[in-house]
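**Q** Start counting the sequence shown at 432; every next residue gets the next number (this note's numbering).
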Amino acid sequence: MLDVLFFSAIACYFIAMLVKFSSVVIHKKVVDKLAWYLALLGFVITTAYLAARGITAGRLPMANQFEFAASFGWGIGLFCIIMHLRTKHGWVLTVGLPAAFLVLSYAALLPREIGELMPALRSAWFGLHISSAVLSYSAFAMAGAVGVKYLVDAHKGQASEERAESLAEIDYLSYRLIALGFLMLTVVILSGCVWAERAWSTFWSWDPKETWAL
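#1: Could you give the distance in angstroms between the alpha-carbon of K587 and the alpha-carbon of S569?
#2: Residue ranges of each alpha helix (DSSP H) run of no fewer than 4 residues wholly in the stretch 486–552, ordered along the chain?
#3: Just tell me which of D463, H458, Y444 and I441 has its CA closest to the CA of K451.
#4: Specify the secondary structure class of M432 as computed by DSSP and reduced to three states.
#5: State the start and end residues of the unbroken alpha helix (DSSP H) segment that holds S569.
#6: Under 9 Å, do G504 and M573 count as touching if we go by C-beta distance?
#7: Return the CA-CA distance between D602 and E547, expressed in angstroms with no decimal places.
#8: Counting only the same chain and skipping the five closest in sequence on each side, list residues whose C-beta sits under 7 Å from that of H560.
#9: Considering Cα atoms alone, identify which of L449, S453, V456 and A482 is closest to M684.
#10: Under the rule that 16 or more other beta-carbon atoms within 10 Å means buried, what is S591, buried or exposed?
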């Protein structure tokens, strides 16, 4: 049942992505609405999947590589939907859906077994640490997708005041996503330090993951 939910979410994102791409040729509002509803359905199914997996495991569904990747894809979908609702720009789905689909497709290649948490991970600090990481990476990924939109638009057509305003708005959206990602990454590092001190009696050990985050 869990696998059915997971692959249904991937299918929804994939079809939504194709429908959204087709709107470049088929200029009809019904196509945009269909892409939006499919994206929303994909997000709801992903949420249901992670909730069901968490209930089954009796913990946050973010403890292994697969669960983190699936949560990462969920986070990208979350930011994509929020941005679409706030800006009403159709291009948000155009750049956001491929990112969510690719991350979830990567997750599908990983082992999906539900395992027990090692004792060091059974901490509220771990929950804060990993949840913040999901939001941080998702914000950065969405900022990257928005950046692609900026680069494409910046090298397309003739310069005009309207185009300059559009690019400025895109740039501001990317900036806000990066700022949020940086804030959440700060929470990741600080909560990780506290968690590490309680689990292994050291705030910092300079392992590759810690150094990369810094």
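Heads up, the beta-carbon is just placed ideally off N, CA and C, and yes, glycines get one too.
**A** The answer reads as follows:
#1: As a first step, residue 587 is located in the sequence shown; it is residue number 156 there, counting from the start. As a first step, residue 569 is located in the sequence shown; it is residue number 138 there, counting from the start. Taking the straight line from one Cα to the other gives about 28 Å.
#2: 496–518 and 522–539
#3: Position 20 of the sequence shown, counted from the start, is the residue given in the question as residue 451. If we check each option's Cα against that of K451, D463 comes out closest.
#4: Locating residue 432 in the sequence shown gives position 1, counting from the first residue. Correct three-state label for M432: coil.
#5: Position 138 of the sequence shown, counted from the first residue, corresponds to residue 569. Taken as a continuous stretch (DSSP letters only), the alpha helix (DSSP H) holding S569 covers A555 to A585.
#6: Reading the sequence shown from its first residue, position 73 is the one you call residue 504. Reading the sequence shown from its first residue, position 142 is the one you call residue 573. No, Cβ-Cβ distance for G504 and M573 is not below 9 Å.
#7: Taking the sequence shown and counting its residues from 1, the one referred to as residue 602 is at position 171. Taking the sequence shown and counting its residues from 1, the one referred to as residue 547 is at position 116. Near 43 Å, if we compare the C-alpha coordinates of E547 and D602.
#8: One-based indexing of the sequence shown puts residue 560 at position 129. V619, S622, G623 and W626, listed in sequence order.
#9: Summary: the structure shown does not reach residue 684, with the chain confined to residues 432 through 645, and so no result is reported for it.
#10: Residue numbering aside, residue 591 sits at position 160 when the sequence shown is read from its first letter. S591 should be labelled exposed.
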